[in-house]
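Just below is one structure, and these are the notes that go with it.
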Amino acid sequence: MSKERKKLLNDWYQSGQKLSVEGAYSRVWRQGQGEPVVCLHGVPASAFLYRKVLPELAQRGLEGIAFDFPGLGYAERPEAFDYSWSGLAAWAEKAVDALGLSKFHLVVHDIGGPIGFELIRRIPDRIASLTVLNTLVHVERFKRPWVMEPFTYPLIDQLWVSSLKTPMIVALMRMQGMHDGPTNREIRAYGDLLTMKDDGRAFRKIMRGFERTQAYEEGIINALKNREFPAQVIWGAQDPALKMEKYAPELCDVLGLDDWHRVRGKHFLQEDSPAEIAQYIADLVIYPK
């Protein structure tokens with residue numbers, strides 16, 4: 024690893040704080056003062072994905088909060104942990120308890136969507152608003168994009184994860200995830216954060232723990248339809264994995280929304296449009312619909 028990348032990762036680590044949660048410790052990043060906005064990441068990412076969004080939220084009078092899920096980033100990677108979506112949602116509930124958040128605004132992305140929707144099902148009265156970024160809700164019929172599928176096969180998954188520790192991750196991320204928002208060094212950091220401590224073993228468990236069942240889907244859809252807080256959908260319009268024309272209308276239908284916000288971005292839209300995303304979140308907090 025280059026000195027520049029080590030410094031980038033160390034600076035990111037030092038800007039956060041340890042988060043002690045039963046089952047697995049983690050790290051949390053908090054910026055700003057005001058109503059709390061909890062931002063849930065997906066894969067193959069960590070709270071690092073929100074490093075540009077948090078200060079933008081702070082500038083708009085909100086407190087931006089992001090933590091690493093177990094198995095990713097600087098979080099612990101216990102062998103016996105439940106890395107399913109419901110297991111991660113149960114851990115997230117403990118995390119917001121540990122952070123002392125009685126009520127908060129929620130932002131979800133990627134598999135942080137199904138995890139966050141399950142969190143809503145568990146604690147609906149503590150959610151003040153919901154912002155949905157490039158994710159899915161019809162989990163039963165979800166088919167993984169081609170870049171995700173290799174992570175589900177033994178042996179092949181190890182080779183695929185190993186490739187993310189090489190410059191190959193830059194080509195993959197530029198193709199699927201982002202435009203020109205991050206530097207190549209920042210993209211390489213995604214691979215470092217994914218594989219540190221265990222060479223990605225916990226991440227591979229997460230990838231095999233997708234709960235694509237009718238019961239899970241019905242549970243999260245009912246929670247979203249019965250919610251009593253405002254919601255919105257923001258989409259990276261050039262996402263080649265979760266295509267806007269298919270997935271955004273599905274989310275809007277479940278949430279009872281007429282339309283969604285479009286921003287410049289691929290799957291990791293936080294990298295290319297952090298200010299726009301933060302402004303839409305602030306607008307929903309200040310002027311709930």
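Residue numbering for the sequence shown follows this note's numbering, starting at 24 and increasing by one per position.
Backbone N, C-alpha and C fix where the C-beta goes; we use that ideal spot for every residue, glycine too.
- By alpha-carbon distance to GLU86, the top candidate from TYR310, PRO311 and ILE304 is ILE304.
- In its chain, beyond the 5 residues on either side, ALA47, TYR48, SER49 and PRO93 have a beta carbon closer than 8 Å to the beta carbon of GLU99.
- In the DSSP assignment, ILE229 falls within the unbroken alpha helix (DSSP H) covering 224 to 231.
- Boundaries of the beta strand (DSSP E) around ALA89: 85 to 90.
- DSSP, reduced to helix, strand and coil, places THR154 within a strand of the structure shown.
- The residue from ILE134, ILE146 and LYS266 with its alpha-carbon nearest to that of HIS128 is ILE146.
- ARG235 is the residue among LEU111, ARG235 and ALA70 whose C-alpha sits nearest the C-alpha of ARG164.
- Sequence-distant partners of LEU63 (beyond 5 residues in either direction) whose C-beta falls short of 6 Å from its own C-beta, in its chain, are VAL131, GLY135 and GLY139.
- For ASP180, the three-state secondary structure derived from DSSP is helix.
- In the pairwise beta carbon analysis, the region 284 to 301 is classified as touching the region 258 to 273: at least three pairs are separated by under 8 Å.
- Excluding sequence positions up to five before and after TRP114, its CB lies within less than 7 Å of the CB of VAL44, GLY46, ALA47 and PRO93, all in the same chain and listed in chain order.
- By the criterion of a C-beta distance shorter than 6 Å, GLY288 is surrounded in its chain by GLY259, ASP295 and SER296, once the five residues flanking it on both sides are discounted.
- About 36 Å separates the CB atoms of PHE252 and LEU187; that is not less than 8 Å, and the two are not in contact.
- For TRP35, the enclosing alpha helix (DSSP H) begins and ends at 26 to 37.
- Cβ-Cβ separation between LEU265 and LEU159: approximately 7 Å, consistent with a contact (criterion under 8 Å).
- Within the DSSP bridge table, the entry for GLN40 names VAL51 as partners.
- For GLU240, the enclosing alpha helix (DSSP H) stretches over residues 237 to 248.
- Non-local C-beta neighbours of GLY200 in its own chain, meaning closer than 7 Å and more than five positions away in sequence, comprise LYS289, HIS290 and PHE291, ordered along the chain.
- Under the DSSP assignment, GLU58 falls in the beta strand (DSSP E) whose first and last residues are 58 to 62.
- For GLY204, the CB contacts under 6 Å within the same chain, skipping 5 residues up- and downstream, are GLU294 and ASP295 in chain order.
- Cα atoms of LEU307 and ALA254: separation of roughly 8 Å, rounded to the nearest angstrom.
- When the Cα atoms are used, PRO173 and TRP183 turn out to be separated by approximately 7 Å.
- A distance of 7 Å or more separates the beta carbons of VAL162 and GLU58.
- In the three-state scheme derived from DSSP, where H, G and I count as helix and E and B as strand, VAL76 is classed as helix.
- Here DSSP, grouped into helix, strand and coil, assigns VAL162 to coil.
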